[in-house]
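>
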Amino acid sequence: MDRPFFITAVNQNATTSAKSANCKDGVIMHICQITGYKSSGKTTIMNQLIRYFSGIGLRVGSLKHHGHGGEPDMAEGTDSRQHFESGSMISGVEGAGVTQLMLQMPFELDDLIQMYSKFPLDLLLIEGYKKADYRKVVLIKNEADLSLLQELSNIIAIGTWDMNLLEDRGCPVFDMSNLQEDISALAEYIRRGFNG
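Residue numbers for the sequence shown follow numbering that gives the first Met the number 0, so the first one is 0 and each next one is one higher.
1) Assign M162 to one of three DSSP states: helix, strand, or coil.
2) Looking only at its chain, what residues have a beta carbon closer than 6 Å to the beta carbon of L123, apart from the 5 residues adjacent to it on each side?
3) Tell me which residue opens and which closes the alpha helix (DSSP H) that Q113 is part of.
4) Quick one: using the 10 Å Cβ neighbour count with 16 as the cut-off for buried, is R190 buried or exposed?
5) Give the straight-line distance between the Cα atoms of L178 and Y51, rounded to the nearest whole angstrom.
6) Apply the 10 Å Cβ neighbour rule to E126 and answer buried if 16 or more other Cβ atoms are within range, or exposed otherwise.
7) Can you tell me whether F173 is helix, strand or coil according to DSSP?
8) Let me know the secondary structure DSSP gives S61 once reduced to three states.
9) Quick check: what's the CA-CA separation for S176 versus N163?
10) Consult DSSP for M104 and reduce its assignment to one of helix, strand or coil.
11) What does DSSP give as the partner residues of L123 in its beta bridges?
12) DSSP state of I139, grouped into three classes?
13) If you compare alpha carbons, which of S79, F83, T159 and F106 is closest to T98?
14) From D121 to E166, what does the alpha carbon distance come to, in whole angstroms?
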């Protein structure tokens, strides 16, 4: 089956293998970031995009940057959690075709992308990692968030709750209140790619 076309997002600072994101079985994994400040709607948009792309038959991976401090939540009382707390650098559990891994070490985004490239993914959606150089959709909740548009690179689209804040930005602007109802416009824009 032919896979829908995506434009490959290239990180100019990454290694050659990370640039192409060649995955298992010769699949090219395309990358799109969803960024914005806390409570801007990133997780909601991520979930909608994942459902949309999975629904049209794409194999989607997701990665969230836990940028608000502290460790990500892990299930209490599990054997793999106990192994982890006992000092295991990596602890995993597998059952019924589901595998969970916990790693006690820091990773750069490009290293994580290399891990994801071991799987036959068509698309990796990344929530956060604002400063990374992959193509991104930036979510602007209010006027205070506008500084992101000057600070971030590779912005392919903007989502906002206040369309009056954004005029003539050089890329498509999507109304967040409409995206909550219908994600297809943004999803299809990402899917078609952007050669700017």
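In this text, a Cβ means the ideal position worked out from N, Cα and C, and glycines have one as well. Quantities reported herein were computed from a predicted structural model and do not represent experimental measurements.
Working from what's here:
1) In the sequence shown, residue 162 corresponds to position 163, counting from 1. Helix.
2) Against the sequence shown, residue 123 aligns to sequence position 124. Excluding residues within five positions, the ones whose Cβ falls inside 6 Å are M28, I30, G60 and Y115.
3) By one-based count along the sequence shown, residue 113 stands at place 114. Here the alpha helix (DSSP H) through Q113 covers L108 to Y115.
4) Looking up residue 190 in the sequence shown gives position 191. By the neighbour-count rule (16 or more Cβ atoms within 10 Å), R190 is buried.
5) Translated into the one-based positions of the sequence shown, residue 178 becomes position 179. Translated into the one-based positions of the sequence shown, residue 51 becomes position 52. Answer to the nearest angstrom: the Cα atoms are 12 Å apart.
6) Here residue 126 refers to the residue found at position 127 of the sequence shown. Under this definition E126 is a buried residue.
7) Mapped onto the sequence shown, residue 173 falls at position 174. Three-state result, F173: strand.
8) Numbered from 1 along the sequence shown, position 62 holds the residue referred to as residue 61. Look at S61 here: in three-state DSSP terms it is strand.
9) Along the sequence shown, one-based indexing puts residue 176 at 177. Along the sequence shown, one-based indexing puts residue 163 at 164. The alpha-carbon atoms of S176 and N163 are separated by roughly 13 Å.
10) Within the sequence shown, residue 104 is the residue found at index 105, counting from 1. M104 falls in the coil class under three-state DSSP.
11) In the sequence shown, the residue the question calls residue 123 occupies position 124. Bridge partners of L123: I30 and G60.
12) One-based indexing of the sequence shown puts residue 139 at position 140. In this structure, I139 counts as strand in the three-state DSSP scheme.
13) Locating residue 98 in the sequence shown gives position 99, where the first residue counts as 1. Minimum Cα distance to T98 is reached at S79.
14) Taking the sequence shown and counting its residues from 1, one reaches residue 121 at position 122. Taking the sequence shown and counting its residues from 1, one reaches residue 166 at position 167. Approximately 33 Å between the Cα atoms of the pair.
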